[in-house]
Amino acid sequence: MAPGLWSDRISSLAETLRSRQMKSGGWAYFDSVQESLEATCLAELALAPEKHANSSVAIRFLLKAQLSDGGWPAFLGDSDGSWTTALALCTLNATGDFAVARDKGFRWVYAERGREGHWFWRWKFKTADLNVRFDPDKYGWPWVSGSASWVIPTAFSVIALKQFTACNRSEAPEKRIRLGVEMLLDRACVDGGWNSGNSVVYGVPLRAHFEATAIALLALQDERRSELIQRSLAWLKKEVARVDSVSSLAWCILSLFVYQESVEALKNRLATIMGDGRDIRNNATLATGLLALKCGEMIHPFVVLR
Amino acid sequence: MKLDRRRFLGSSVGVAATVGITAEWVWPKHSVSYRRPRSAVAVLNVDEYSEKVEALLLDGLRLFRLKVLGRSILLKPNLVEDLPGPVNTSAILVGAAARSFLRLGAARVVIGEGPGHQRDTELVVQSAGLKPHLSERQIEFVDLNRDELRKVKLKANYSGLGELWLPRSVLDADFVVSMPKVKTHHWAGVTLSLKNMFGIVPGMKYGWPKNLLHWSGIHESILDICATVPIHFVIADGITAMEGNGPLQGSARQLGKIVLADDPVAADATCSRLMGFNPLRVRHLSEGCHFLGNLREDRIRMLAEGVGAPTRPFSVLPEFRYLFAAKS
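Respectively, the protein sequence lines represent chains A and B.
One point on numbering: in this note's numbering, the residue at position 167 of the first sequence is 169, and numbering is uninterrupted.
One point on numbering: in this note's numbering, the residue at position 36 of the second sequence is 436, and numbering is uninterrupted.
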């Protein structure tokens, strides 16, 4: 497939995604009545450049779905803030508007922390619970309050905070971002890349995951290109050749693009796998694929300005 | 009356024990019991994953006279990661089970899983080799990490979680079949049909991994989940099992068995015995046998051959040597 054919493919994929939007303005993961915040944020990011953000019913849905404490739930109907708050903040960051909602979301993300954030658990992990190799002083964000820090929610939170404070970052958010970055660097796999959160368990090194590696690298895009980051990038570039699933391949493209790596061939492969998108039932996957194909044609939604 | 230290300590212990027993009686930890007078188990000898598995499995299932006519079946395999080695339940066995239930008259079969570590479910399904088995009209795959959710009050209270959001596909199923891979587990000792139900807990709410369950206690969470979503049948993949540092980094162990059971505790107790472990030393089994099913051998009717003694017990991490046991 020549690059010139992308626009046709992009419009048919966008049409498929748009046709699955619910009356509320949100998207479910699959064909259900329950809106998913992840699917909605990714779909809005993928479709937003084609229309004015203020008029977006998806944005209105997001604003309505925000909880009173500033967080966003993983799905509509839940009353707990979750990891999707960072994703919602990135989505609103892309509009450059809605200051009040973004500020509340920022405060929620800033205050949230993995359970190692409490001295007692740090002490336990340092003295009694030694089967997983990590530094508990370096903690990030959990998927859900009350559990430990993991790579993907930490990476999204770091991106959201970096974007939100890009123009005016005070000491406190800078410290929180540094801690999250240090956590990511601490949890990297021995051969580069990231697993879901641990690198060595019972003395055995774990293998990196594509999505976790790609999203962690997105969070580290403006950091000094340390040997660890280079090694992780090299791992991703090498291993992406064997990826055939839409979601993993799309995240790899989104990540490699911000590191100025060539993604043309990967986009061709992704476009071929995706077809017209009708067989991709998961709307979050469809939206991520669309975002990856649009790399270079729109402002990257997870870009962090230095 | 003068209260000396010894009397004070003795009285305190007595009061604590009385309060504990009373509390257990007044507020029992589970509100359901699925335990029957006797359970049935069949251990099938199968040397390898081949076309022969389906016929053997169908014959094995017929021994149980299952009432599945016109019903909706949920097969819950153990698909964890896109890793080499015996990490996931064999796709050959899962496909064979799906077709067997359709041949026994089931209206539809849903294969449902929410991988615990890998967020890209499509990647896991592809690498596990499951895709070719999903081409039949009445066999569908559901990503339980992203299914529609309903809030459910838990029917046991070991973990203190109280309630969980669980997938509609699981709650709506008429007949739930747990299909674990027989493996050792570096946090729980073993991962069998009961631990396999961690996979119904949705990642979109609880994350990858479902770490909240670990913080609430693995054994405790297993008991609460399995009290709330009863397992109607078990097909355990012990053809090539895993020993050592399971469930991901262990070594392959050729066991050559498929374990079928109409009771998850009986299934897991039987698998534990095949692994050379005392099932009473697996905490969720020693507690689960009070209400989730039968553990004792005299309450388990063997429909095919008996368990027999393993030639060599499964290897475990040093922390789990207590699992090796004299007879349960």
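Each residue gets a CB set at the ideal place from its N, CA and C atoms; glycine is no exception.
Requested in this report: State the DSSP-derived secondary structure class of Ile748(B), mapped to helix, strand or coil.
Outcome: Look at the range of chain B in this structure, 401 to 728, and you will see that residue 748(B) is not part of it.
Query raised in the report: According to DSSP, which residues form a beta bridge with Leu474(B)?
Result: Along the second sequence, one-based indexing puts residue 474(B) at 74. Residue pairing by DSSP places Leu474(B) opposite Val510(B) and Val576(B) in a beta bridge.
Query raised in the report: Closest Cβ-Cβ distance between Met642(B) and chain A: below 8 Å?
Result: Taking the first residue of the second sequence as 1, we reach residue 642(B) at position 242. Chain A contact via Cβ: absent.
**Report entry** Straight-line Cα distance separating Arg180(A) from Glu225(A)
**Finding:** Position 223 of the first sequence, counting from 1, holds the residue named residue 225(A). Position 178 of the first sequence, counting from 1, holds the residue named residue 180(A). Roughly 10 Å separates the two Cα atoms.
Query raised in the report: Taking just the CA atoms, how far does Trp427(B) sit from Pro664(B)?
Result: Residue numbering aside, residue 664(B) sits at position 264 when the second sequence is read from its first letter. Residue numbering aside, residue 427(B) sits at position 27 when the second sequence is read from its first letter. Looking at the two C-alpha atoms, the distance is approximately 25 Å.
Query raised in the report: For the candidate residues Gly182(A), Ala103(A), Trp121(A) and Ser21(A), whose alpha-carbon lies nearest to that of Gly72(A)?
Result: Taking the first residue of the first sequence as position 1, residue 72(A) is located at position 70. Distances from the alpha-carbon of Gly72(A) to those of Gly182(A), Ala103(A), Trp121(A) and Ser21(A) put Ala103(A) closest.
Query - Run of the beta strand (DSSP E) containing Asp624(B), from where it starts to where it stops - result: The residue given as residue 624(B) occupies position 224 in the second sequence. Segment Ile618 to Thr628 is the alpha helix (DSSP H) holding Asp624(B); no beta strand (DSSP E) there.
Query raised in the report: Among Gly83(A), Asp99(A) and Asp33(A), which has the Cα closest to the Cα of Arg62(A)?
Result: On the first sequence, position 60 is the one that residue 62(A) refers to. Just measuring C-alpha positions, the residue of Gly83(A), Asp99(A) and Asp33(A) sitting nearest Arg62(A) is Asp99(A).
Requested in this report: Less than 8 Å between the CB atoms is what I'm expecting for Ala214(A) and Ser234(A), so what's the real figure, rounded?
Outcome: Here residue 214(A) refers to the residue found at position 212 of the first sequence. Here residue 234(A) refers to the residue found at position 232 of the first sequence. At roughly 10 Å, the Cβ-Cβ gap does not stay under 8 Å, so Ala214(A) and Ser234(A) are not in contact.
Query raised in the report: Curious, which full-length alpha helix (DSSP H) runs of at least 4 residues does the region 219-278 of chain A contain?
Result: Complete alpha helix (DSSP H) runs here, min 4: 229-241, 248-260 and 266-276.
Query raised in the report: Would Ile301(A) be called buried (16 or more neighbouring beta carbons within 10 Å of its own) or exposed?
Result: Counting from 1 along the first sequence, the entry for residue 301(A) is found at position 299. Burial call: exposed.
Report task. Examine chain B for any beta-carbon lying closer than 8 Å to the beta-carbon of Tyr31(A), and answer yes or no. Result -> As a position in the first sequence, residue 31(A) is number 29, starting the count at 1. So, interface residue.
**Report entry** Minimum Cβ-Cβ distance from Gly607(B) to chain A less than 8 Å
**Finding:** Position 207 of the second sequence, counted from the start, is the residue given in the question as residue 607(B). Taking 8 Å as the CB threshold, Gly607(B) lines the interface with chain A.
Requested in this report: Please confirm whether Ala210(A) and Asp188(A) have their CB atoms less than 8 Å apart.
Outcome: Counting from 1 along the first sequence, the entry for residue 210(A) is found at position 208. Counting from 1 along the first sequence, the entry for residue 188(A) is found at position 186. No.
Query raised in the report: Does the beta-carbon of Trp121(A) have 16 or more other beta-carbons within 10 angstroms, so that it is buried, or is it exposed?
Result: Within the first sequence, residue 121(A) is the residue found at index 119, counting from 1. By the neighbour-count rule (16 or more Cβ atoms within 10 Å), Trp121(A) is not buried but exposed.
Query raised in the report: Are any of the Cβ atoms in chain A nearer than 8 Å to that of Leu564(B)?
Result: Walking along the second sequence from the start, residue 564(B) turns up at place 164. Output row for Leu564(B): interface = no.
Report task. Alpha carbon to alpha carbon, how far is Leu648(B) from Leu483(B)? Give it in angstroms, no decimals. Result -> The residue given as residue 483(B) occupies position 83 in the second sequence. The residue given as residue 648(B) occupies position 248 in the second sequence. If I take the Cα positions, the gap works out to 8 Å.
Query - For Gln518(B), three-class secondary structure by DSSP - result: The residue given as residue 518(B) occupies position 118 in the second sequence. Looking at Gln518(B) - three-state DSSP - the assignment turns out to be coil, as it is neither helix nor strand.
**Report entry** Presumed contact (8 Å Cβ cut-off) between Ala41(A) and Ala30(A), rounded CB distance
**Finding:** Numbered from 1 along the first sequence, position 39 holds the residue referred to as residue 41(A). Numbered from 1 along the first sequence, position 28 holds the residue referred to as residue 30(A). The C-beta distance from Ala41(A) to Ala30(A) rounds to 6 Å, short enough to fall under 8 Å.
Query raised in the report: How big is the Cα-Cα spacing for Ala703(B) and Ala491(B)?
Result: In the second sequence, counting from the first residue as 1, residue 703(B) sits at position 303. In the second sequence, counting from the first residue as 1, residue 491(B) sits at position 91. Residue 703(B) is actually Leu in this sequence, not Ala. A direct Cα-to-Cα measurement between Leu703(B) and Ala491(B) gives close to 25 Å.
Query - Spatially closest choice to Arg546(B) from Met604(B), Ala627(B), Ala496(B) and Ser411(B), by CA coordinates - result: On the second sequence, position 146 is the one that residue 546(B) refers to. Minimum Cα distance to Arg546(B) is reached at Met604(B).
Requested in this report: Could you work out which residues of chain B lie near His211(A), taking near to mean beta carbons separated by less than 7 Å?
Outcome: Mapped onto the first sequence, residue 211(A) falls at position 209. Chain B residues near His211(A): Gln518.
Report task. Using 10 angstroms around the beta-carbon of Val415(B), count the other beta-carbons present and answer buried if the total reaches 16, otherwise exposed. Result -> For this step, residue 415(B) is matched to residue 15 along the second sequence. Burial call: exposed.
Query raised in the report: Using a beta-carbon distance below 8 Å, is Gln223(A) in contact with chain B?
Result: In the first sequence, residue 223(A) corresponds to position 221, counting from 1. Among the CB atoms of chain B, none fall inside 8 Å of the CB of Gln223(A).
**Report entry** Pairwise C-alpha distance: Val487(B) and Phe437(B)
**Finding:** Against the second sequence, residue 437(B) aligns to sequence position 37. Against the second sequence, residue 487(B) aligns to sequence position 87. In the sequence under discussion, the amino acid at residue 437(B) is Pro, which differs from the Phe named in the question. Answer to the nearest angstrom: the Cα atoms are 34 Å apart.
Query raised in the report: Got a sec: is the Cβ-Cβ distance from Trp152(A) to anything in chain B below 8 Å?
Result: What you label residue 152(A) is simply residue 150 of the first sequence in a count that begins at 1. Trp152(A) has a beta carbon lying within less than 8 Å of a beta carbon in chain B.
Query - Cβ neighbours of Val153(A) in the same chain (closer than 7 Å, five flanking residues each side left out) - result: By 1-based counting over the first sequence, the position of residue 153(A) is 151. Taking Val153(A) as the centre and dropping the five residues before and after it, the same chain places the C-beta of Leu186, Arg189, Trp196, Ser198, Gly199, Ala214 and Ala218 closer than 7 Å to its C-beta, in chain order.
**Report entry** Ala113(A) versus Glu454(B): straight-line alpha-carbon distance, rounded
**Finding:** For this step, residue 113(A) is matched to residue 111 along the first sequence. For this step, residue 454(B) is matched to residue 54 along the second sequence. Going by C-alpha positions, Ala113(A) is about 54 Å away from Glu454(B).
Requested in this report: Go ahead and label Ala174(A) buried or exposed: buried means 16 or more other beta carbons lie within 10 angstroms of its beta carbon, across all protein chains shown.
Outcome: By 1-based counting over the first sequence, the position of residue 174(A) is 172. Answer is exposed; the Cβ neighbour count stays below 16.
Query raised in the report: Residues of chain A with a CB under 7 Å from the CB of Leu523(B): which are they?
Result: Locating residue 523(B) in the second sequence gives position 123, counting from the first residue. The contacting residues are Ser247 and Ser250.
Report task. Could you please give the first and the last residue of the uninterrupted beta strand (DSSP E) stretch that includes Ile161(A)? Result -> Residue numbering aside, residue 161(A) sits at position 159 when the first sequence is read from its first letter. Annotation for Ile161(A): no beta strand (DSSP E) segment contains it, though the alpha helix (DSSP H) segment containing it runs Val153 to Phe166.
Query raised in the report: Three-state secondary structure (DSSP) at Trp565(B)?
Result: On the second sequence, residue 565(B) is found 165 positions in, with the first residue counted as 1. In this structure, Trp565(B) counts as strand in the three-state DSSP scheme.
Requested in this report: List the whole-angstrom C-beta distance separating Val245(A) from Cys254(A), where the pair is believed to meet the contact cut-off of C-beta under 8 Å.
Outcome: As a working note, residue 245(A) is residue 243 in the first sequence. As a working note, residue 254(A) is residue 252 in the first sequence. The Cβ separation is near 6 Å, so the contact holds.
Report task. Measure the alpha-carbon distance for Thr290(A) versus Cys626(B) and round it to whole angstroms. Result -> Counting from one through the first sequence, the residue named residue 290(A) turns up at place 288. Counting from one through the second sequence, the residue named residue 626(B) turns up at place 226. In this structure, the straight-line span from the alpha carbon of Thr290(A) to that of Cys626(B) is close to 35 Å.
Query raised in the report: Of all Cβ atoms in chain A, is any one closer than 8 Å to the Cβ of Asp637(B)?
Result: Taking the second sequence and counting its residues from 1, one reaches residue 637(B) at position 237. By this cut-off, Asp637(B) is not an interface position.
**Report entry** Counted within 10 angstroms of its Cβ, other Cβ atoms place Asn95(A) as buried (16 or more) or exposed
**Finding:** The residue labelled residue 95(A) in the question sits at position 93 within the first sequence. Result: buried.
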